[in-house]
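Q: Counted the way our numbering counts, the sequence shown spans residues 812 to 889.
Glycine is no exception: its CB is placed at the ideal position from the N, C-alpha and C atoms.
Could you have a look at this structure, given as structure tokens, before my questions?
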Amino acid sequence: MRDLVEGLVVPDGVPEAAATVLRTARELLRQSYYCYEFSTVAVMHSLIAVEIVLRDRSRTRARSRCTGSSSRVRPMGS
């Protein structure tokens, strides 16, 4: 099982919160060899990590959209 999860690496640029959750999911998957129910928990942890990344990226996009549009705003009457 150790060889199976060895290739599951956390990519660069992932928020630290998601990286921590992914590392936990990887360890749970490895331990699922001894306790099958851990595999279900590992999948749920992976979904939590995806949610963290999506939330982080949507906030980043919203901030960049707000910053970009504010430079185009002109005062009234000009």
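Touch check for the region 843 to 857 and the region 867 to 877: three-plus C-beta pairs under 8 angstroms?
A: The region 843 to 857, when compared against the region 867 to 877, does not touch it at the 8 angstroms Cβ threshold.
Q: Locate the alpha helix (DSSP H) running through Val-816, then write down its first and last residues.
A: Counting along the chain, the alpha helix (DSSP H) containing Val-816 begins and ends at 813 to 817.
Q: What number of angstroms, rounded off, separates the C-alpha of Val-820 from the C-alpha of Glu-862?
A: Their backbone Cα atoms lie some 18 angstroms apart in a straight line.
Q: Could you give the DSSP three-state label for Cys-823: helix, strand or coil?
A: With the sequence shown as reference, residue 823 is identified as Asp, and Cys is not the correct amino acid for it. Correct three-state label for Asp-823: coil.
Q: DSSP on Ser-843, reduced to helix/strand/coil?
A: In this structure, Ser-843 counts as coil in the three-state DSSP scheme.
Q: Can you tell me whether Arg-813 is buried or exposed? The criterion is at least 16 other CB atoms within 10 Å of its CB, across all chains shown.
A: Exposed, because fewer than 16 other Cβ atoms sit within 10 Å of the Cβ of Arg-813.
Q: So, at 6 angstroms on beta carbons, what are the nonlocal neighbours of Pro-867 in its own chain, with the 5 sequence-adjacent residues on each side left out?
A: A small correction: the amino acid at residue 867 is Asp; Pro does not occupy that position in the sequence shown. Excluding residues within five positions, the ones whose Cβ falls inside 6 angstroms are Pro-826.
Q: Does the Cβ of Arg-837 have 16 or more other Cβ atoms within 10 Å, making it buried, or fewer, making it exposed?
A: Buried, because 16 or more other Cβ atoms sit within 10 Å of the Cβ of Arg-837.
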